[in-house]
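Trainee:
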């Protein structure tokens, strides 16, 4: 909404304050600045507020607003006087206002940094979290305008408002003066305020998803009059799944005398239904969707599944149509799955919802599945069905213009029916938020991700998301840092999901292999070694082994304390007549289930070759109740779905997910007193089973480490000068910085880095031989002579670097050789630098990606990182554990730790350098790029020989601001 000409031209309408938000009950609302055009809305809003709420706002009976009041509350300068409104359907449901004041409480202007704040929420919308959401936004606005404190006067009886201030997490003071409670809030965000904000975000977004997945009633808009078509198919699927709520068919083309279709009530509009509808499935042409959305909004529908195509996947016109769809739906407080969606499924027996194009509701289970592609969704449903796996929920979000994988991570985090989350993603709309949510969810249950469109360099049609410049290898490293199990294919995702949903987490990587085929056992052994596991020699039961032999061997392996997991390999039994014996699959499955039930809780997987009925028998189930399957005490890791410990960084879910992961009891009866056993996953190839097990081992190790999170160290010495660095950055950028940024000169970079205790060895220019000799005399021999031309920088292999020049004559000779071989000094830009102690050349980098945020990288200098891509990455701020893992996770790490008899280098000094770089970038977002190359790490200490730094105006940090929905 644009301001009218009456408003001050010096303070333009701040449209970046506008935001769509999710409220506590899962509905949406819009927050925006109040303008002079809002007079009628304000009066109408105030008329709907109860006398009691008016009394709490004005401390006296105040039945109506005067013309002067209306003028004051709608005219703001957006600096010293600011008003925000919360709207639903274009009408106000709440307002907040601040006025800047001085120390005596009188109206003031900057530099006064305190403001008086007051809220008013319509009674019908109290209890929805409106005031707490408004407080986050008005506090962010105040900080932007230089206000550091809020003052509020509240009547003692106004407990709701006092609670809003008290629970916000800000540092505050309270006093009782003249019959009112005087509150002062310090608006600087705290760890507590950020935790409160994110906890509220989680509850609200999870609730918004729950409203879609568990509706009490569904209307299919666009159900055709004749069989066939998208709408009629969804209606048929709803009925076929046995949806427990009310179902309606809506089509404006229905004849006036048609009362039912497929046995459900038929209506020409939602208004004819006469009852509330929770969820609408929209299956009409794109040009008719706005009419359908308006009908839904006006009749209180809570959410939409839009199957209609013709949106952003069709180009610029479709993208604008998609934006308008989101704006329209959110204006009514509704959230959207889609458009161009395949649909949603909820297998809860209390719901039994199949609002999708899938003809059959999949079996009930404990896997949650999200996909951005309908085709991939179909393939995954089919694959899971063939493997006997069950789902708790399924979502195919299409263009995911509104609800995305992030929302479902919020929901699955505390969903008691989901133990494993599988996601097929083609784009990440908010990578920072995704990694934050994935880390929290992975701390209590596995998150398995396949990322499509990895190498295309473009976003899939229909996905309007921020552009990221980081390579896919970096995305993968950041996901693993967050505990995400990143796999390459949907087949691998199903393989890993089956193991994680049906088996406990392993305590380590020690694997026992047993079976009736020596060759298959050796293949499994080799696959384990390739995946970094520690297999024991395979136990060959011979081809004469019976199911009883398998049962005894598996029981013995599970009881072995030196074994963390078991892989059973099996080939068919062949009778004397040369034919495979029928029924062996079911018998073997019973034997394996019996042994697993009687033994310690360790994961078991089966590799089989054409044993009929084995996979089905292993997956057979009679129940969909989560079984109690605690992990071994020695592992320190709970089975999927149960947290093994919480920390301040990872709060426990409000309703702890059930332990175990297995969603069913075995078909065969377990011995009395034995624990319940879930599905034992079966694989047709050893490599697939081992890869799934390796992912479980790595995830379990991450869970153990995440239980005791690393720390961002505070350097207590005087080597960190944050104010000094800030002053230098401000001076270097100037009052009107170039939005493209600027690289720092060598001396400028050295001075800035020195503010964080990062010493860069000085270099002196050598435009001629005499200057080189003078520089060497100043620095002290021995010296190095290096070219700094871009095409020769860090390229010792091209002859642009001469080392260990101990005398003047050696320096002059090297200078002459350099210029004779490579070109004139003006082209080469030679410099002289004192020699550093011998060591391993490494490179440390930090960059700011507009989508993912600040990323810290490490590798060995030269070919390992540049040619082979052997580089490790972590998100900033890095913890002490992150720094230690960075230098150990590259493939060439043994070079740092004494490879082939060499002396180990000072990795502690290297970790400290990484943490200092991380701290600098985190404290000063204007530092958008740092490259330290080479960093020579010796046996004692390290030397930074080269540094480049780039400054730029800081990018927006949406992840640290108030809660808001993404606007694409």
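Residue numbers (my numbering): 185 to 1152.
Where a beta carbon is used, it is the ideal one built from N, C-alpha and C, also for glycine.
Quick caveat, the model's predicted, so the values are computed rather than measured.
I'd like the span of the alpha helix (DSSP H) that includes residue 771, first residue to last.
Mentor: 768-782
Trainee: Nearest-angstrom Cα distance between residue 436 and residue 496?
Mentor: 26 angstroms
Trainee: Along the chain, which unbroken stretches of the beta strand (DSSP E) at least 3 residues long are found entirely within the segment 543-611?
Mentor: Along the length of the segment 543-611, whole beta strand (DSSP E) runs at least 3 residues long occupy 548-555, 575-580, 604-609, reported in chain order.
Trainee: Let's test the definition: count the other Cβ atoms within 10 Å of the Cβ of residue 721 and tell me whether it reaches 16, buried, or not, exposed.
Mentor: The residue in question, residue 721, is exposed, as its Cβ has fewer than 16 Cβ neighbours within 10 Å.
Trainee: Under DSSP, the beta strand (DSSP E) around residue 491 begins and ends at which residues?
Mentor: Careful: residue 491 lies outside any beta strand (DSSP E) and carries neither H nor E.
Trainee: Is the beta carbon of residue 304 less than 9 angstroms from the beta carbon of residue 278?
Mentor: Against a cut-off of 9 angstroms, the Cβ pair of residue 278 and residue 304 comes out as a contact.
Trainee: Helix, strand or coil, according to DSSP, for residue 331 in the structure here?
Mentor: coil
Trainee: On the three-state DSSP scale, how would you describe residue 1007?
Mentor: Annotated three-state conformation of residue 1007 is coil, per DSSP.
Trainee: Nearer than 8 angstroms: is that true of the beta carbon of residue 355 relative to any heavy atom of the ligand PLP?
Mentor: Judged by which ligands are present, the structure shown has none, so any question about the ligand PLP falls away.
Trainee: Hey, how far is the Cα of residue 205 from the Cα of residue 1149?
Mentor: Approximately 6 angstroms between the Cα atoms of the pair.
Trainee: Considering only residues of the same chain and omitting the five flanking positions on each side of residue 591, which have a CB-CB separation below 6 angstroms?
Mentor: 389, 393
Trainee: What is the C-beta distance between residue 695 and residue 752, in whole angstroms, given that I count them as a contact (C-beta under 8 angstroms)?
Mentor: Not quite, the Cβ-Cβ distance comes to about 11 angstroms (not below 8 angstroms), so this is no contact.
Trainee: Report the start-end ranges of each beta strand (DSSP E) in the segment 350-391 that is 3 residues or longer and not cut off at the edges.
Mentor: 355-361, 364-370
Trainee: Check this for me: beta carbons of residue 799 and residue 738, under 9 angstroms apart or not?
Mentor: no
Trainee: According to DSSP, what are the bridge partners of residue 401?
Mentor: 430
Trainee: For residue 1124, write down the residues that DSSP places opposite it in a beta bridge.
Mentor: Paired residue(s): none; residue 1124 is not in a bridge.
Trainee: I want to know whether the segment 392-409 touches the segment 419-437 - three or more CB-CB distances under 8 angstroms.
Mentor: yes
Trainee: Using the C-alpha atoms, what's the distance from residue 1033 back to residue 619?
Mentor: 14 angstroms
Trainee: In this structure, does DSSP put residue 415 in helix, strand or coil?
Mentor: helix
Trainee: Could you check where the alpha helix (DSSP H) with residue 281 kicks off and where it finishes?
Mentor: No alpha helix (DSSP H) holds residue 281; the beta strand (DSSP E) holding it covers 275-285.
Trainee: Buried or exposed: which applies to residue 255, given that a residue is buried once 16 or more other Cβ atoms fall within 10 Å of its Cβ?
Mentor: exposed
Trainee: Under a Cβ-count criterion, where at least 16 other Cβ atoms within 10 Å of its own Cβ denotes burial, should residue 786 be classed as buried or exposed?
Mentor: buried
Trainee: Quick one: using the 10 Å Cβ neighbour count with 16 as the cut-off for buried, is residue 718 buried or exposed?
Mentor: Counting Cβ neighbours within 10 Å, residue 718 comes out exposed, since fewer than 16 surround it.
Trainee: State the start and end residues of the unbroken beta strand (DSSP E) segment that holds residue 449.
Mentor: 448-451
Trainee: Is the separation between the beta-carbon of residue 247 and that of residue 264 shorter than 9 angstroms?
Mentor: no
Trainee: Given this structure, state the Cα-to-Cα distance separating residue 1117 from residue 944, to the nearest angstrom.
Mentor: 10 angstroms
Trainee: Pick from 566, 1059, 311: whose alpha carbon is nearest that of residue 659?
Mentor: 1059
Trainee: Quick check on this structure: which residue in 777, 1123, 360, 245 has the alpha carbon closest to the alpha carbon of residue 1157?
Mentor: Outside the shown range of the chain, which is 185 to 1152, sits residue 1157, and nothing can be said about it.
Trainee: Identify, in the order they occur along the chain, each residue of the same chain with its Cβ nearer than 8 angstroms to the Cβ of residue 926, setting aside the five sequence neighbours on each side.
Mentor: 916, 917, 1134, 1135, 1136
Trainee: State the DSSP-derived secondary structure class of residue 468, mapped to helix, strand or coil.
Mentor: DSSP places residue 468 in coil when its eight states are reduced to three.
Trainee: Terminal residues of the continuous beta strand (DSSP E) containing residue 539?
Mentor: Start and end: 537-540.
Trainee: With contact counted as at least three CB pairs below 8 angstroms, one residue from each stretch, are the segment 956-974 and the segment 989-999 in contact?
Mentor: yes
Trainee: My output table needs one value for residue 701: the three-state DSSP class, helix, strand or coil.
Mentor: In the three-state reduction of the DSSP assignment, residue 701 falls in the coil class.
Trainee: Taking all protein chains shown into account, decide if residue 865 is buried (16 or more other Cβ within 10 angstroms of its Cβ) or exposed.
Mentor: buried
Trainee: Residue 750 by DSSP, collapsed to three states: which one?
Mentor: strand
Trainee: Beta-carbon within less than 7 angstroms of residue 839's beta-carbon, same chain only, minus the 5 sequence neighbours each way: which residues are those?
Mentor: Reliability fails at residue 839, whose pLDDT of 33 lies under 50, so the model's placement of it is uncertain and the value that follows must be treated cautiously. Cβ neighbours of residue 839 within its own chain (closer than 7 angstroms, five residues either side excluded): 598, 600.
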